[in-house]
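Have a look at the structure below, then the notes.
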Amino acid sequence: MRNSATSFSRSGLSDWLVQRVSAYILAAYFLVIVGFLICRHEVGFADWYAFMTSTAMRIFTLLSLLALAGHAWVGLWTVFTDYVTERQLGPKASVLRLLLQVGMAIFIFVYVVWGIQILWGN
Amino acid sequence: MKSNRPVNLSLSTVLAVNLKSPVAIASILHRISGVLIFLLIPVLLYVLQESLISEQAFIAVKADVLGGLIGGFLVFVALAGLIFHLVVGAKHLVQDFGIGESLQGGRLFAWLALATAGLFIIAALAWMVL
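Encoded structure:
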């Protein structure tokens, strides 16, 4: 069996599971945020601040950031390995794909750390 | 894995075949919206950051998002991308349970997802503008 060195979990089945579990988490998070904004109609700072900095929402936001990391990794890996290929772009494609992967990983790292800083930094 | 599928088809051939298929349209837009969301995460994190600094920063960023041209555009694109990605993603989650996996079922589900996403995106635009 050939494993890809750049996939999220080195296994297609695990990648699939990561994609699904993270999808449920991210969908729930999106709906909770949008639900809050719709219910409050005119959202004020005090309301919003109390909601987002509550322990429950801090944990939920951190969970969603980690879910985003896994979800984006699996999704972008799929996109890169489908389109940035030697068949489509020639022999330099492998190098380009690796660079894209590394760049993506750095972006994901920054997103997670920035998100933690926003919610837990003050 | 050896297959005899044709490769290196011209883009016009690819488009001619795939634009007839709601499944293919939903699929490629799902990918594009995913990449778009990934690139716009900094915008969303910035809005979140500003919204939690102070009342003044909250009011300023709210004005940027709801009234500003660039801020409003970026946040709307991110929101539209999220809505589309969520709705078409939900289609996959339903299909995980074996529902809508037939050829006709898949086409119907793809049409439903495209229409639902379109409706919610229009609703989101109205929500932001009004």
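Residue numbers (the numbering used here), protein chains in the order written: chain A, 6 to 127; chain B, 1017 to 1146.
Here a beta-carbon is modelled for each residue, glycine too, at the ideal position from N, C-alpha and C.
Run down chain B in chain order and give the residues with a C-beta less than 7 angstroms from the C-beta of residue i.
i       : result
G80(A)  : G1050
V84(A)  : R1047 and V1051
M62(A)  : Simply none; closest approach about 11 angstroms.
G120(A) : L1061
T11(A)  : Per Cβ cutoff of 7 angstroms: no residues; T11(A) is ~16 angstroms from chain B at best.
Kindly list the residues whose CB is nearer than 6 angstroms to the CB of residue i, restricted to its own chain and excluding five residues on each side of it in sequence; keep chain order.
i        : result
A1096(B) : I1137
L1090(B) : V1059
G1087(B) : D1080 and V1081
M6(A)    : The predicted position of M6(A) is uncertain, since its pLDDT is 48 and thus under 50; a value taken from the coordinates is nonetheless stated next. Closer than 6 angstroms at the Cβ level, and outside the excluded window around M6(A), lies no residue.
R102(A)  : F85 and V89
S1037(B) : none
K1078(B) : none
S27(A)   : A72, G75 and H76
L1027(B) : none
Q106(A)  : T11
A1073(B) : E1066
Starting from residue i and walking both ways along the alpha helix (DSSP H), at which residues does that stretch end?
i        : result
I1115(B) : No alpha helix (DSSP H) contains I1115(B), which DSSP labels as neither H nor E.
R1047(B) : P1038 to I1069
T1029(B) : L1027 to N1034
L1146(B) : Where L1146(B) is concerned, there is no enclosing alpha helix (DSSP H), given that its DSSP letter is neither H nor E.
G120(A)  : A98 to W125
E47(A)   : E47(A) -> no alpha helix (DSSP H), and no H or E assigned at all.
R1021(B) : From DSSP, R1021(B) is part of no alpha helix (DSSP H); its letter is neither H nor E.
T86(A)   : T60 to Y88
R92(A)   : E91 to L94
So, at 7 angstroms on beta carbons, what are the nonlocal neighbours of residue i in its own chain, with the 5 sequence-adjacent residues on each side left out?
i        : result
L31(A)   : S69, A72, L73 and H76
L1141(B) : F1092
N1020(B) : none
F13(A)   : D20, V23, G75, W78, V79 and W82
A1133(B) : I1099, F1100, V1103 and V1104
Below 8 angstroms on C-beta distance, what does residue i contact in chain A?
i        : result
D1112(B) : R25
G1134(B) : Those do not exist, as G1134(B) stays about 17 angstroms from chain A at its closest Cβ, beyond 8 angstroms.
G1148(B) : For chain B, the structure presents residues 1017 to 1146; residue 1148(B) sits outside this window and is missing.
Listing by chain order, which chain B residues have their CB less than 8 angstroms from the CB of residue i?
i      : result
F50(A) : S1067, S1070, E1071, F1074 and I1075
R92(A) : V1023 and N1024
F41(A) : Neighbours of F41(A) on chain B: none; closest Cβ ~12 angstroms, over 8 angstroms.
Note down, in chain order, every chain A residue with its Cβ under 7 angstroms from the Cβ of residue i.
i        : result
I1057(B) : Y116
F1054(B) : A77 and L81
L1102(B) : A32 and F35
Can you name, in chain order, every residue of its own chain whose Cβ lies under 8 angstroms from the Cβ of residue i, other than the five neighbours on each side?
i        : result
I121(A)  : L67 and L70
V1039(B) : G1122, R1123 and A1126
In chain A, which residues lie less than 9 angstroms from residue i when you measure between Cβ atoms?
i        : result
G1097(B) : Going along chain A, no residue has its Cβ under 9 angstroms from G1097(B), so there is no contact; the nearest lies around 11 angstroms.
G1083(B) : In chain order: nothing, as chain A lies at least about 14 angstroms away.
At 9 angstroms on the CB atoms, spell out the chain B contacts of residue i, in chain order.
i       : result
I30(A)  : What I30(A) touches in chain B: nothing, since even the nearest Cβ is about 12 angstroms away.
I123(A) : L1061, L1064, Q1065 and L1068
Please confirm if the stretch 1046-1062 of chain B is in contact with the stretch 1098-1106 of chain B, defined as three or more CB-CB distances below 8 angstroms between the two stretches. They touch, by the three-pair rule.
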